[in-house]
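Under this note's numbering, residues 956 to 1187 are what the sequence shown spells out, in order.
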Amino acid sequence: MKLLYEGKAKKVYEVDRDKCLIYFKDTATAFDATKKAEVEGKGVLNNTISSIMFKLLEEKGVKTHFIERVSEREMLVWKAERFDLEVVIRNITAGSICKRLGFREGEKLRKPLVEFFYKNDHLHDPLICVEHAILLRIADKKTLRDIVKIALKVNTILKRFFKSHGLLLVDFKLEFGRLPDGALAVIDEISPDTCRLWDAKTGEKLDKDRFRFDLGDLLEGYRRVLERVQGG
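Structure below.
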């Protein structure tokens, strides 16, 4: 198969005109890849968790690129024309918003906050507004409105799901693309690499912050997330 793209955590191969295969790597990165390590088994966990999350969204009426999980590390997906946009949805303050706006970590927001970041490694994925996205020709205004609407629906679904499994969805990142049939869909992955997930009782971090800030074994956190969500 032809390798279409290799990122920090995944490889994407072309299967045919309309489908791709995503291979989940074991590489863990943080701080623009200035911190990097190989964590054996991470790709298997992220593929498994992402497959569960995509199935959940499809069941709830949210279009995704997911077709099926075909192996421990591989996921078959519809080929998508990706928007150069990272959409971050925040429910509780953590990470960059604390540095930018002076929040203390752990403050519950009155309502979910949706932020756009320009997906550009050379510019270090800067925060942008709707007008910037239009100016950069990432998407038109209607598409951006639709993206926000879908992102908030995804947030409602995931927040309820994780809460029912003893987890707080602090924030998470989504990516979007156009499928071969023209549908707007959630793509990429939904895993502890892209979601901040805290234990609802103890507040323990079970996501990539364990790697970022040396808070404990990364795989242990991811395994515990998988154990929670596998119950359905």
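For each residue, glycine too, the CB sits at the ideal point set by N, CA and C.
Reference residue i, options the options, closest by Cα
i	options	result
Ile977	Ala988, Glu1027, Gly1016, Lys991	Glu1027
Lys966	Val1032, Leu1134, Cys1053	Val1032
Thr1098	Asp1126, Gly1137, Lys1063	Gly1137
Asp1126	Lys1018, Leu1090, Thr1111	Thr1111
Leu1082	Lys1104, Gly1158, Ile1052, Gly998	Ile1052
Lys1015	Phe1131, Arg1115, Arg1133, Asp1039	Arg1115
Ile1022	Ile1142, Ala1155, Glu1182	Ile1142
Leu1113	Ile1102, Leu1129, Arg1100	Leu1129
Val1017	Leu1139, Asp971, Val970	Leu1139
Arg1178	Leu1124, Arg1055, Thr1003, Ala1049	Thr1003
Val1025	Phe979, Phe1058, Leu1181, Asp1080	Phe979
Per-residue burial, residue i [other beta carbons within 10 Å of its own, 16 or more giving buried]
i	result
Ala1106	buried
Ser1119	exposed
Glu1144	buried
His1087	exposed
Leu1078	exposed
Phe1117	buried
Cβ-based neighbour list, residue i, same chain, cut-off 7 Å, excluding 5 preceding and 5 following
i	result
Asp1162	Pro1147, Cys1150, Arg1151, Leu1152, Gly1176
Lys963	Thr982, Thr984, Ala988
Leu1170	Lys1160, Asp1164
Leu958	Lys966, Tyr968
Arg1183	His1120, Gly1121, Leu1122
Ala1035	His1020, Gly1132, Arg1133, Leu1134, Ala1140, Ile1142
Gly1186	His1120
Lys1108	Val1017
Neighbourhood of residue i by C-beta, 8 Å cutoff - its chain only, sequence neighbours within 5 removed
i	result
Asp981	Glu993, Val994, Glu995, Gly996, Lys997, Gly998
Ile1102	Phe1038, Leu1040, Val1042, Ala1094, Phe1131, Leu1139
Lys1156	Gly1121
Glu961	Val967
Leu1173	Ala983, Val994, Lys997, Lys1163, Arg1165, Phe1166
6 Å CB neighbourhood of residue i in its chain, flanking five on each side removed
i	result
Ser1005	Glu1144, Ile1145, Ser1146
### Message
Below 8 Å, how does it come out for the region 1032-1052 and the region 1069-1076: are there three or more Cβ pairs, yes or no?
### Response
yes
### Task
Let me know the beta strand (DSSP E) ranges lying completely inside the region 1015-1081, each 3 residues or longer, listed in chain order.
1021-1024, 1029-1033, 1040-1047, 1063-1073
### Message
Whether or not the region 1161-1178 and the region 985-995 are in contact is what I'm after, with contact meaning three or more pairs of Cβ atoms, one per stretch, closer than 8 Å; do they touch?
### Response
yes
### Message
Could you check whether the region 1008-1027 touches the region 1054-1066, counting it as contact only if at least three pairs of C-beta atoms, one from each stretch, sit closer than 8 Å?
### Response
no
#### Entry: Runs of alpha helix (DSSP H) wholly within the region 1125-1174 (minimum 4 residues, chain order)
1164-1167
### Task
May I have a chain-ordered list of the alpha helix (DSSP H) segments no shorter than 4 residues that lie completely inside the region 1089-1124?
1096-1119
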